[in-house]
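Structure first, commentary second.
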Amino acid sequence: MSAEKLSFEDFQPGRRFALGPKLVTTEEIIEFAREFDPQPMHLDEAAGRASILGGLAASGWHTSSMFMRMMAESYVLHSLCEGAPGVDLMEWRKPVLAGDTLSGRSTVLEARPMRSRPGMGIVKFRHEVENQRGELVCVSENSVMFGMRARPADIGVSPETSA
Numbered sequence: 000m001s002a003e004k005l006s007f008e009d010f011q012p013g014r015r016f017a018l019g020p021k022l023v024t025t026e027e028i029i030e031f032a033r034e035f036d037p038q039p040m041h042l043d044e045a046a047g048r049a050s051i052l053g054g055l056a057a058s059g060w061h062t063s064s065m066f067m068r069m070m071a072e073s074y075v076l077h078s079l080c081e082g083a084p085g086v087d088l089m090e091w092r093k094p095v096l097a098g099d100t101l102s103g104r105s106t107v108l109e110a111r112p113m114r115s116r117p118g119m120g121i122v123k124f125r126h127e128v129e130n131q132r133g134e135l136v137c138v139s140e141n142s143v144m145f146g147m148r149a150r151p152a153d154i155g156v157s158p159e160t161s162a
């Protein structure tokens, strides 16, 4: 018997979900850069050292992708997630270098039932990702839609009375 998936009701403000750890390798930085962001500082160690980044650095988009994978493994794949309407904030604060180990947290900021979609709620998160030195490398905020365990019809709540 599988464990019950996390639903909207499980995402109360203040709840935190651990992210990572994720070791960032030279090979994956270069592979991602070749495919999606072929700038020299993402493809070559010497070019990375000569840049303001200080070494072979992951693209910001690669950092975001690794963060998404950590989020998926932490709670998204174990939930009634229905996707996200967008990203409100994405900041790459420090370079992610080959050999770094990333970890962090997703914190629920607010949660409310959706008026437009009975049986679903929207949860706003703040995500913070750090390297092994505790330096903040990425900050993001976005909202995610989750299915509810208790559908409005099941509990006698009409969509019009939901907040």
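Per numbering that gives the first Met the number 0, the sequence shown starts with residue 0, numbered consecutively.
In this text, a Cβ means the ideal position worked out from N, Cα and C, and glycines have one as well.
Every value quoted in this text rests on a predicted model; they were computed, and no experiment measured them.
Residue i - DSSP class collapsed to helix/strand/coil
i	result
D99	coil
E81	coil
L108	strand
F35	helix
R14	coil
L55	coil
Continuous alpha helix (DSSP H) stretch holding residue i: start and end
i	result
P39	39–42
T62	59–73
Supposed contact pair residue j and residue i - C-beta distance, whole angstroms, cut 8 Å
i	j	result
A57	V95	4 Å
S73	F16	5 Å
T100	N141	With 8 Å as the limit, T100 and N141 do not qualify as a contact, their Cβ atoms being about 24 Å apart.
G19	S102	3 Å
Extent of the continuous beta strand (DSSP E) to which residue i belongs
i	result
I121	119–129
A2	That residue, A2, is in no beta strand (DSSP E); it is neither H nor E in DSSP.
S142	135–146
Residue i versus residue j: straight-line alpha-carbon distance, rounded
i	j	result
T24	L42	12 Å
R104	M65	13 Å
L55	I28	8 Å
E81	F35	26 Å
S50	S6	45 Å
A110	G133	28 Å
M67	G98	19 Å
V75	A149	19 Å
P39	P117	49 Å
A45	S115	52 Å
Residues of its chain near residue i, where Cβ-Cβ distance is below 7 Å and the 5 sequence neighbours each way are ignored
i	result
R92	L135, V136, C137, V138
V107	F10, Q11, P12, G13, R14, V122, F124
E127	G103, R104, L135, V138
Nonlocal neighbours in the same chain, by C-beta distance under 6 Å from residue i, ignoring five residues either side
i	result
H61	F31
E3	none
K21	M65, M69, L101
G59	W91
Same chain only: Cβ atoms within 8 Å of residue i, ignoring 5 sequence neighbours per side
i	result
M119	F7, E81, P112, M113, M144, F145, G146, M147
G53	G47, P94, L96
L88	V138, S139, E140, N141
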